[in-house]
Amino acid sequence: MNNVILKTDKLCKSFSNGGNQIHVLKNLDIEIIEGDFTIIMGSSGSGKSTLLYALSGMDKPTLGKVLFKETDISKLNNDKLAVFRRKNCGFVFQSIYLLDNMSVLDNVLTSGLLVSKDKRKIISKAKELLQQVGLKTEIWDKFPNQISGGEAQRAGIARALINEPTIIFADEPTGALNSSASTEVLNTLTKINENKQSIVAVTHDVKTACRGNRIIYIRDGAACGELKLSFYKDENMEARREKVQRFLDEMGW
Numbered sequence: 047m048n049n050v051i052l053k054t055d056k057l058c059k060s061f062s063n064g065g066n067q068i069h070v071l072k073n074l075d076i077e078i079i080e081g082d083f084t085i086i087m088g089s090s091g092s093g094k095s096t097l098l099y100a101l102s103g104m105d106k107p108t109l110g111k112v113l114f115k116e117t118d119i120s121k122l123n124n125d126k127l128a129v130f131r132r133k134n135c136g137f138v139f140q141s142i143y144l145l146d147n148m149s150v151l152d153n154v155l156t157s158g159l160l161v162s163k164d165k166r167k168i169i170s171k172a173k174e175l176l177q178q179v180g181l182k183t184e185i186w187d188k189f190p191n192q193i194s195g196g197e198a199q200r201a202g203i204a205r206a207l208i209n210e211p212t213i214i215f216a217d218e219p220t221g222a223l224n225s226s227a228s229t230e231v232l233n234t235l236t237k238i239n240e241n242k243q244s245i246v247a248v249t250h251d252v253k254t255a256c257r258g259n260r261i262i263y264i265r266d267g268a269a270c271g272e273l274k275l276s277f278y279k280d281e282n283m284e285a286r287r288e289k290v291q292r293f294l295d296e297m298g299w
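Here this note's numbering is used: the first residue of the sequence shown is 47, the next is one more, and so on.
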């Protein structure tokens with residue numbers, strides 16, 4: 047039986063612009079299943095990034111609910127939301143927000159120590175995660191400006207995993223990377239998903255979308271289509287890409 051860990055109930059988000067109300071999300075109902083690699087797609091301005099921020103508690107909806115295991119996180123105050131995010135959410139962004147004055151290892155450690163004061167345990171876990179995302183030990187003591195974009199993004203993934211989040215939220219995780227680095231990052235995300243890590247990613251990129259086992263298409267603030275796939279395997283990539291592209295064409299992407 048599929049375990050729903052996050053869902054929305056008639057989710058709405060509006061912004062005021064020069065006295066006009068812009069309705070970005072409109073009575074949107076979706077479910078996020080534990081262990082899935084869920085992809086959210088849609089044209090620019092469709093509301094997909096706004097949805098990601100609402101799902102992760104980074105932004106509050108105007109109306110409706112965001113339910114995390116039956117807790118309505120949209121009703122939490124800012125302090126409780128911060129605690130919720132630290133304990134349950136990991137974030138990977140297009141812009142790689144590593145702290146420039148800290149080493150790769152210290153960037154991962156700092157996030158872990160916000161939740162746990164057991165420094166020895168966090169150091170051990172940080173090193174384990176850096177190995178897991180494919181970063182060699184000689185990189186760990188380097189600063190972000192001394193490594194490649196792909197290496198920095200994989201360090202960001204390790205940082206997102208340090209507190210054992212329920213869900214990783216990724217906003218265009220390969221958007222700032224070249225093709226080779228993009229593949230490295232996608233391989234890393236696929237690998238952690240194979241370990242049953244739930245991932246929700248927003249993307250414009252078909253190559254990224256092909257890594258998901260479920261694609262939700264957003265148009266004008268509403269979910270208008272869904273494609274379910276098997277979990278990713280290298281050997282079925284060509285057929286998978288054709289299926290994803292056909293779905294996107296049907297959605298008017």
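Here a beta-carbon is modelled for each residue, glycine too, at the ideal position from N, C-alpha and C. All values reported here derive from a predicted model rather than from experimental measurement.
Among the bridge pairs identified by DSSP, H69 is matched with S60. Setting aside the 5 residues that flank it on each side, L275 is surrounded in the same chain by N259, each with a C-beta closer than 6 Å to its C-beta; the list follows chain order.
Taken atom to atom, the span from the alpha-carbon of E272 to that of I262 is near 5 Å. Take the alpha-carbon of S89 and the one of E218: they are about 13 Å apart. With a cut-off of 8 Å on Cβ pairs, the stretch 55-65 is not in contact with the stretch 176-192, counting fewer than three such pairs.
With a 10 Å radius around the Cβ and a threshold of 16 neighbouring Cβ atoms, G65 comes out exposed. The stretch 161-173 and the stretch 93-106 do not touch, with fewer than three beta-carbon pairs separated by less than 8 Å. Listed as beta-bridge partners of Y263 by DSSP are M87 and G271.
DSSP links D152 through a beta bridge to no other residue.
Within the stretch 152-230, complete beta strand (DSSP E) segments of at least 3 residues are found at 213-217, given in chain order. When Cβ pairs closer than 8 Å are counted between the two stretches, the stretch 146-153 is seen not to touch the stretch 111-128, the count staying below three. Secondary structure at E77: strand, using DSSP grouped into helix, strand and coil. Note on geometry: alpha-carbon atoms of I245 and Q67 lie some 32 Å from one another.
Here the stretch 131-141 makes contact with the stretch 196-215; the two share three or more CB pairs at distances below 8 Å. Distances from the CA of M148 to each of N191, N124 and T220 were compared; the closest alpha carbon is that of N191.
According to the DSSP assignment, L113 belongs to no alpha helix (DSSP H) but to the beta strand (DSSP E) extending over L109 to F114. L232 has no beta-bridge partner at all, per DSSP.
For K279, the three-state secondary structure derived from DSSP is coil. The continuous alpha helix (DSSP H) containing S95 extends over residues K94 to L101. Pairing V248 with I86 gives a Cβ-Cβ distance under 8 Å. The straight-line gap separating the alpha-carbon atoms of Y278 and R257 is approximately 6 Å. Per DSSP, reduced to three states, the secondary structure at S141 is coil, with no helix or strand assignment. Boundaries for I119: no beta strand (DSSP E) harbours it, and the DSSP string shows neither H nor E there. T254: member of the alpha helix (DSSP H) spanning V252 to A255, first to last residue. According to the DSSP secondary-structure assignment, D55 is paired through a beta bridge with K111.
Beta-carbon to beta-carbon, I76 and T54 are separated by about 6 Å, close enough to satisfy the 8 Å threshold.
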